[in-house]
Amino acid sequence: MSKLAIIYHSAHGHTEFIARQVQVGALDVDGIDADLVKAEDIARTPDRLVDYDGFIFGSPTYLGGVSASFKGFMDATGRLWRTQQLKGKLAAGFTVSSLPSGDKQSTLMSMFVFSMQHGMLWVGNPILPEQHSGVPYDEAANRLGSWSGLMAQAGHSAPADSFVAGDVKSA
Numbered sequence: 115m116s117k118l119a120i121i122y123h124s125a126h127g128h129t130e131f132i133a134r135q136v137q138v139g140a141l142d143v144d145g146i147d148a149d150l151v152k153a154e155d156i157a158r159t160p161d162r163l164v165d166y167d168g169f170i171f172g173s174p175t176y177l178g179g180v181s182a183s184f185k186g187f188m189d190a191t192g193r194l195w196r197t198q199q200l201k202g203k204l205a206a207g208f209t210v211s212s213l214p215s216g217d218k219q220s221t222l223m224s225m226f227v228f229s230m231q232h233g234m235l236w237v238g239n240p241i242l243p244e245q246h247s248g249v250p251y252d253e254a255a256n257r258l259g260s261w262s263g264l265m266a267q268a269g270h271s272a273p274a275d276s277f278v279a280g281d282v283k284s285a
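Dropping the structure here:
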């Protein structure tokens with residue numbers, strides 16, 4: 115059984131909603147055990163990361179980057195970086211913002227660079243945007259066209275009501 119940690123920060127519940135969708139998808143894969151882990155919790159005990167085979171990182175995009183809480187988690191892994199204890203583990207990422215772009219690519223790039231510095235192997239998003247095959251835009255998987263990781267757009271309502279079907283489907 116491979117152990118996967120879905121490490122996320124969510125101030126208003128939107129990123130957590132997507133994290134839970136990612137977990138559902140991961141648990142559908144035979145041989146995967148997927149844990150939801152809050153970034154602020156693992157930041158206190160980063161040595162626990164060595165027990166996982168891979169990671170999916172999730173953060174809202176705030177002002178073009180990861181949230182302060184997610185950055186705190188990243189910074190807490192310095193000792194693991196020095197010893198390269200995360201080298202060779204798989205990594206991927208997702209982000210949420212309220213606008214179609216919202217500079218989400220910058221957030222994913224922060225996660226990518228963090229992963230590369232630890233020697234992890236980044237896994238992108240292989241889903242072709244479905245709207246090009248006739249699926250209505252709001253129902254299309256990968257409707258925002260990101261190959262470096264999952265991008266989702268949240269409205270300003272409750273998390274379960276904030277996402278169009280395509281973004282939930284992509285998760």
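Number 154 in our numbering belongs to position 40 of the sequence shown; there are no gaps in the numbering. Ideal Cβ placement from N, Cα and C applies to all residues, glycine included.
Where in the region 134-208 do unbroken runs of the beta strand (DSSP E), each at least 3 residues long, occur, reported from the N-terminal end onward? 146-152 and 168-174
Quick one: using the 10 Å Cβ neighbour count with 16 as the cut-off for buried, is residue 172 buried or exposed? buried
Mind checking which residues open and close the alpha helix (DSSP H) that includes residue 225? 218-231
Residue burial classification, residue 117 (beta-carbon count within 10 angstroms, cutoff 16): exposed
With distance defined between alpha-carbon atoms, name the residue in 285, 257, 228 and 252 nearest to residue 278. 252
Taking the CB atoms as reference points, tell me whether residue 211 and residue 267 lie closer together than 8 Å. yes
Note down the Cα distance separating residue 146 from residue 129, rounded to an integer number of angstroms. 22 Å
What does a CB cutoff of less than 8 Å around residue 231 pick up in its chain, not counting 5 residues either side in sequence? 195
Range covered by the beta strand (DSSP E) that runs through residue 272: Unbroken run through residue 272: none, as it is neither H nor E.
Under 8 Å Cβ to Cβ from residue 198, same chain only, skipping five residues before and after it: list those, please. 232 and 233
In the structure shown, what three-state DSSP assignment does residue 284 receive? helix
Can you confirm whether the region 166-183 touches the region 214-222 when touching is taken to mean that 3 or more C-beta pairs between the two stretches lie within less than 8 Å? yes
Could you check where the beta strand (DSSP E) with residue 258 kicks off and where it finishes? Counting along the chain, residue 258 falls outside any beta strand (DSSP E), and DSSP gives it neither H nor E.
What residues in its chain sit with their C-beta under 6 Å from that of residue 154, if we drop five residues either side in the sequence? 183
Under DSSP, the beta strand (DSSP E) around residue 242 begins and ends at which residues? Counting along the chain, residue 242 falls outside any beta strand (DSSP E), and DSSP gives it neither H nor E.
Nearest neighbour of residue 206, chosen from 265, 280, 282 and 157 [CA to CA]: 265
When the Cα atoms are used, what is the spatial distance from residue 119 to residue 283? 20 Å
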